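Asker:
Chains as they are written, first to last, in my numbering: chain P, 1241 to 1406; chain X, 5 to 215.
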């Protein structure tokens, strides 16, 4: 075997050796070379140290509700309304659509306030009230007339029952 | 044939068995995903069970935050599910899965979404159990040595450029071949080798003293 470092095949071979991925024949051939080549030996030892150090980094435990969360997100997505689905299609993927709801509500409130104060609507509002006022006035007038009528009857009867004074 | 003249079967090399197991596993993934495409959600649950660990571990080592890793992993599987109707078993399922995971991981690194990197002794260990430090100098010392080593490894990985980091993690922890890593990273095999060898060179400089 030639020197892997010198002939350019060193990196791949040394990495595979460090990962213990060489077949037994390749590994023993390389190890024979390592006994003779200090630079390759140093490189191989360093690579094995790296591999061993990386082995020391353990995996994390997966949250017990991970699958549940995935299915929950799938279900939420499937229940999405046509409007929000349309919104998601047109908004850039990195935008969140959540701010649109309060912004939309604020716009709706402004539009409602504008319409309420609008002169277009006011005649309607006053005209709606007008018939009511007229009815109230008529009722009052009728009440007054009743009252007057009663007074008028009493005075006539008083006249009828009381003697004429000289 | 042994000296008694009896034929004894030669033991198969372990790598042969591993290759066969791998092929069976890949066929199983494709079969499950095709069922998901046809509307079978239970098969999606099986795929989730088979691959959630490797995706979460990969993303954890990429972004070095458990919470972010799990959130990204959820997104990975959500995207797999979303794309179910267009799935074709032309490539390995794991390649597709890792392509999505790497894309999300690289975006996360670029966006700088990180939580605290340091784990205190009061927090859960990566095995999910709270670390108990017993009284007695040797255990405490061993724990401290371990913590220092782990910190150096994490910092060394974090110091790698994002693509080199992804390549090393897939090569080391997920044992992907160069061709598969190339497919995940959408580059040539020679580009992957270049990424890996530069990454390992950097790691040798930082970690060789830990031997």
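Just so it is clear, CB atoms sit at the ideal spot from N, CA and C, and this is done for glycine as well.
For clarity, every value in this text was computed on a predicted model and none was experimentally measured.
Counting C-beta neighbours from all protein chains within 10 Å, is the total for residue 109/X 16 or more, i.e. buried, or is it exposed?
Answerer: With 16 or more other Cβ atoms within 10 Å, it is buried.
Asker: Under 8 angstroms by Cβ, that's how I've got residue 203/X and residue 157/X pegged, so tell me the actual separation to the nearest angstrom.
Answerer: Contact flag wrong, Cβ pair sits at about 13 angstroms.
Asker: Can you give me the C-alpha to C-alpha distance between residue 21/X and residue 115/X, rounded to a whole angstrom?
Answerer: Whole-angstrom Cα-Cα distance: 42 angstroms.
Asker: What did DSSP end up calling residue 1291/P once you bin it into helix, strand or coil?
Answerer: Three-state result, residue 1291/P: helix.
Asker: Any contact of the stretch 77–91 of chain X with the stretch 1295–1313 of chain P, i.e. 3+ C-beta pairs under 8 angstroms?
Answerer: Touching, yes.
Asker: Taking only runs that begin and end inside the stretch 129–202 of chain X, name each unbroken beta strand (DSSP E) of 3 or more residues, in chain order.
Answerer: If we require 3 residues or more, the stretch 129–202 of chain X turns out to have no beta strand (DSSP E) run fully inside it.
Asker: Could you confirm whether any beta carbon from chain P is found closer than 8 angstroms to the beta carbon of residue 81/X?
Answerer: Interface residue, yes.
Asker: By a C-beta neighbour count over all protein chains shown, 10 Å radius and 16 as the cutoff for buried, is residue 1318/P buried or exposed?
Answerer: The residue is exposed, with fewer than 16 neighbouring Cβ atoms inside 10 Å.
Asker: So residue 211/X contacts chain P; which residues on that side make the cut at Cβ distance below 7 angstroms?
Answerer: Correct list: 1289, 1290 and 1293.
Asker: Classify residue 1297/P as helix, strand or coil using the three-state DSSP reduction.
Answerer: Three-state result, residue 1297/P: coil.
Asker: Ordered along the chain, which non-local residues of its own chain (more than five positions away) have a Cβ less than 6 angstroms from that of residue 1252/P?
Answerer: Correct list: empty, nothing qualifies.
Asker: Taking Cβ-Cβ distances shorter than 9 angstroms, what residues in chain B pair up with residue 56/X?
Answerer: Going by chain labels, chain B is absent from the structure shown, which instead holds the protein chains P and X.
Asker: Taking the continuous alpha helix (DSSP H) assigned at residue 71/X, which residues delimit it?
Answerer: Per DSSP, residue 71/X belongs to the alpha helix (DSSP H) from 70–86.
Asker: Taking only beta-carbon atoms, is residue 21/X less than 8 angstroms away from chain P?
Answerer: Closer than 8 angstroms: no.
Asker: Where does residue 1275/P sit, in a helix, a strand or coil, going by DSSP?
Answerer: If DSSP states are grouped into helix, strand and coil, residue 1275/P belongs with coil.
Asker: Between the stretch 25–43 of chain X and the stretch 94–102 of chain X, do three or more beta carbon pairs fall short of 8 angstroms?
Answerer: Yes, the stretch 25–43 of chain X is in contact with the stretch 94–102 of chain X.
Asker: Name the chain P residues whose beta carbon is nearer than 9 angstroms to that of residue 60/X?
Answerer: 1299, 1300, 1302, 1303 and 1306, listed in chain order.
Asker: At a CB-CB cut-off below 8 angstroms, which residues of chain X make contact with residue 1343/P?
Answerer: Result: empty, since nearest Cβ-Cβ is about 24 angstroms, beyond 8 angstroms.
Asker: Taking 8 angstroms as the CB-CB cut-off, is residue 1315/P touching chain X?
Answerer: Not closer than 8 angstroms to any Cβ of chain X, the Cβ of residue 1315/P fails to qualify, so no.
Asker: Between residue 37/X and residue 169/X, which are expected to be in contact by the criterion C-beta below 8 angstroms, what is the C-beta distance as a whole number of angstroms?
Answerer: Residue 37/X to residue 169/X, Cβ: 28 angstroms. No contact.
Asker: Within this structure, are the beta carbons of residue 1259/P and residue 211/X separated by less than 8 angstroms?
Answerer: No. Outside cutoff.
Asker: Buried or exposed: which applies to residue 150/X, given that a residue is buried once 16 or more other Cβ atoms fall within 10 Å of its Cβ?
Answerer: Looking at its Cβ environment, which holds fewer than 16 other Cβ atoms inside 10 Å, residue 150/X is exposed.
Asker: Report yes or no: is there a C-beta of chain X within less than 8 angstroms of the C-beta of residue 1267/P?
Answerer: Not an interface residue.
Asker: Flag this pair as yes or no: are the beta carbons of residue 197/X and residue 182/X separated by less than 8 angstroms?
Answerer: Yes.
Asker: On the three-state DSSP scale, how would you describe residue 1344/P?
Answerer: Three-state DSSP puts residue 1344/P in a helix.
Asker: Please report the distance separating the alpha-carbon of residue 1291/P from that of residue 174/X.
Answerer: Answer to the nearest angstrom: the Cα atoms are 13 angstroms apart.
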